[in-house]
Amino acid sequence: MTSQMQSTEMQVSDIGMLPGTSAQRSAPLSLQPQAVPTSALLGTYKQPAIDLVRGEGVCLFDAAGHRYLDFVSGISVNALGYGDAGLTAALHSAADGLVHTSNLYGTWPARRLADALVAHSFADKVFFCNSGAEANEAAFKFARRWARSLNGENAAKHEIIALRGSFHGRLFGTLAATDRPAYRLPFRPLAGGISIVERNIDDLALALDAETVAALILEPVQGEGGVRVLDAGFVRELRELTKDRHIALIFDEIQCGLARTGSLFAYEQLGVEPDMLTLAKPMAGGLPMGAVLLTDRIAAAIQPGDHATTFGGGPFVASVALHVLERLANKALLAQVRENGEWMGRELLEIGRRTGRIRAVRGVGYMWGADVRGSAGHVVSEALEAGLLLCTAGDYTVRLLPPLVATRDALAEGLAILERVL
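In this note's numbering, the protein residues as written are 10 to 431.
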């Protein structure tokens, strides 16, 4: 087990001046985003008027040649940055083999990747799919199948409970477990049998009914919900409740998993093992891939035909994911993420003190949120013009998700830009 994740919110007023934490300053970049021609793409995204065309290290470049330091990394996807020689070689090697066979037939890359994930985790079995939302949907189905197997196909034991502040996806089942009213409202009625409960032990103890609840799903670090690190003691209490009441505990590590917190899996820092864990984002180096890791206890209830996917765990993406997993499990990389992550937290607090624009800082590893005074969206827009890519986690939280290969110097450069913007 690695050290416990920082689980308390840090207010800017909580600490005094720290030695060696002043942000590196440099002249502002002069960037004017270029107009992007209209296209046939459906307008489901608000995009700035730039076209990104290439990347190098932890930087992206647009069609006009402007450089952007990337503190989004594809929303926690591009863990190895851009132009990585090892990842490029893995892609070329995978392209020399099979690209697709469907899951009617087994392939060596999928079997080997599943074995590697089991070797690195609590799990006994793995199911592959194509995205995080699909992984969570699969976990919901597996939980209900398992719960019904406990006492003779008891249809009453089917409820899924999620926590206030959760984001688990935008499909009908996962949207019902996602606590973002603006995302939910246009698509009601949502899938039934899924509820969101306040993030405290008293409310959850009442909600976790042994007769009706099949599973509890939580993010060890809530990403979209404001980068909120769940307290280890709180999660341990939930583990005991779910064990006693025969309720499956699902950890959604789609954004916080695979080294982003400084351990390969975030659960390692909590002293708790779930029954299922969902992964996606960085799994295959930018290729679409998701996974559900399961214990034998859950897997024993799943039968052929219970769930399926045409593309999940195909030989091409699985081959690339093997390389990514080996890189992200590297002890030196994990240590760098932990150490630099602690430094980032201190620096963000100091930036808040110097500018008066940050109210609170939360996070762990290379996953941080800063509550700003004013609009987070405005800060993100201003940072883009200054050459730094950031994203939001709500109306007032700026989220920082740099590639896991980012050095201390790259982090300092990004934080200096953020300070100028603030």
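Here a beta-carbon is modelled for each residue, glycine too, at the ideal position from N, C-alpha and C. Predicted, not measured: the structure shown is a model, and the values here were computed from it.
Item to check | Best match in F325, E394, A125, F149 for proximity to L267 [C-alpha to C-alpha] | outcome: The residue with the shortest Cα to Cα distance from L267 is A125.
Checklist entry - Is there contact here, the region 405-422 with the region 78-88, by at least three beta-carbon pairs under 8 Å? => result The region 405-422 vs the region 78-88: in contact.
Next on the checklist: Suppose you measure from the CA of A8 to the CA of H387; what does that come to, to the nearest Å?
Outcome noted: The shown model of the chain, from 10 to 431, leaves out residue 8, and the question about it has no answer.
Checklist entry - Among the residues of its own chain, which have a CB less than 7 Å from the CB of T270, if the five just before and after it don't count? => result If you ignore the 5 residues before and after T270, its C-beta comes within less than 7 Å of the C-beta of M14, V230, Q278, V373, G374, M376, all in its own chain and listed in chain order.
Checklist entry - Taking the runs of the beta strand (DSSP E) that are 3 residues or longer, which of them lie wholly in the region 280-359? => result DSSP runs (the beta strand (DSSP E)) wholly in the region 280-359: 285-288, 299-303.
Checklist entry - What three-state label does DSSP hand H391 in the structure shown? => result In the sequence as presented, His is not what sits at residue 391; that position holds Glu. The DSSP-derived three-state label of E391 is helix.
Item to check | Distance, H332 Cα to N339 Cα | outcome: Each residue's Cα considered, the two are about 11 Å apart.
Checklist entry - From L217 to G115, what does the alpha carbon distance come to, in whole angstroms? => result Approximately 38 Å, taken between the alpha carbons.
Next on the checklist: Please classify G8 as buried or exposed, where buried requires at least 16 other C-beta atoms within 10 Å of its C-beta.
Outcome noted: Coverage of the chain is limited to positions 10 through 431, which leaves residue 8 absent and any answer about it impossible.
Checklist entry - How about R157 and A147: do their beta carbons lie closer than 8 Å? => result Against a cut-off of 8 Å, the Cβ pair of A147 and R157 comes out as no contact.
Checklist entry - Roughly how many whole angstroms lie between the Cα atoms of Q41 and V414? => result At Q41 the pLDDT is 43, less than 50, meaning the model places this residue with poor confidence and gives no usable figure here.
Checklist entry - So, are the CB atoms of A300 and V127 less than 8 Å apart? => result Not closer than 8 Å, so no.
Item to check | Alpha-carbon spacing of G354 relative to V86, whole angstroms | outcome: So the two alpha carbons sit approximately 21 Å from each other.
Item to check | Pairwise C-alpha distance: D240 and D305 | outcome: D305 and D240 have their C-alpha atoms roughly 27 Å apart.
Next on the checklist: Mapping the DSSP letters down to three states, classify E428 as helix, strand or coil.
Outcome noted: In the three-state reduction of the DSSP assignment, E428 falls in the helix class, which pools H, G and I.
Item to check | Check whether Y192 and L199 have beta carbons under 8 Å apart | outcome: L199 is positioned such that its CB atom lies no closer than 8 Å to that of Y192.
Next on the checklist: With distance defined between alpha-carbon atoms, name the residue in D418, L427, M292 nearest to V67.
Outcome noted: Distances from the alpha-carbon of V67 to those of D418, L427, M292 put D418 closest.
Checklist entry - If you draw a straight line from the C-alpha of S175 to the C-alpha of L286, how long is it? => result Their backbone Cα atoms lie some 15 Å apart in a straight line.
Checklist entry - Cα separation between G74 and L61? => result Their backbone Cα atoms lie some 9 Å apart in a straight line.
Next on the checklist: Please identify the residue among S204, L194, A425 whose C-alpha is closest to the C-alpha of E359.
Outcome noted: Proximity to E359 across S204, L194, A425 peaks at A425, based on C-alpha coordinates.
Next on the checklist: My assumption, with CB atoms under 8 Å, is that I226 sits in contact with N145. Please give the rounded CB distance.
Outcome noted: The pair is a contact, with the Cβ atoms about 7 Å apart (cut-off 8 Å).
Next on the checklist: By alpha-carbon positions, which one of I203, I311, N139 ends up nearest to S111?
Outcome noted: The candidate whose alpha carbon is nearest that of S111 is N139.
Checklist entry - If you count every other CB in all the chains shown that lies within 10 Å of the CB of S272, and 16 or more means buried, which is it? => result If you draw a 10 Å sphere on the C-beta of S272, you find 16 or more other C-beta atoms in it, and that means buried.
Item to check | Of the residues E65, F137, R154, E391, the one placed nearest F325, counting alpha carbons only | outcome: Per the Cα distances, F137.
Checklist entry - Alpha carbon to alpha carbon, how far is K150 from A317? => result So the alpha carbons of these two residues sit roughly 11 Å apart.
Item to check | Nearest-angstrom Cα separation, counted from L258 out to G201 | outcome: G201 and L258: Cα-Cα distance of roughly 19 Å.
Next on the checklist: Suppose contacts are defined by Cβ-Cβ distances below 8 Å. Is A402 in contact with E262 by that definition?
Outcome noted: No, they are not a contact pair.
Checklist entry - Rounded to a whole number of angstroms, what is the C-alpha to C-alpha distance between P57 and E394? => result Spanning the two alpha carbons is a distance of roughly 10 Å.
Next on the checklist: Please state the DSSP three-state secondary structure of I84.
Outcome noted: Here I84 sits in helix by DSSP.
Next on the checklist: Rounding to the nearest angstrom, what Cα-Cα distance links T416 and I203 in this structure?
Outcome noted: In a straight line, the C-alpha of T416 is about 42 Å away from that of I203.
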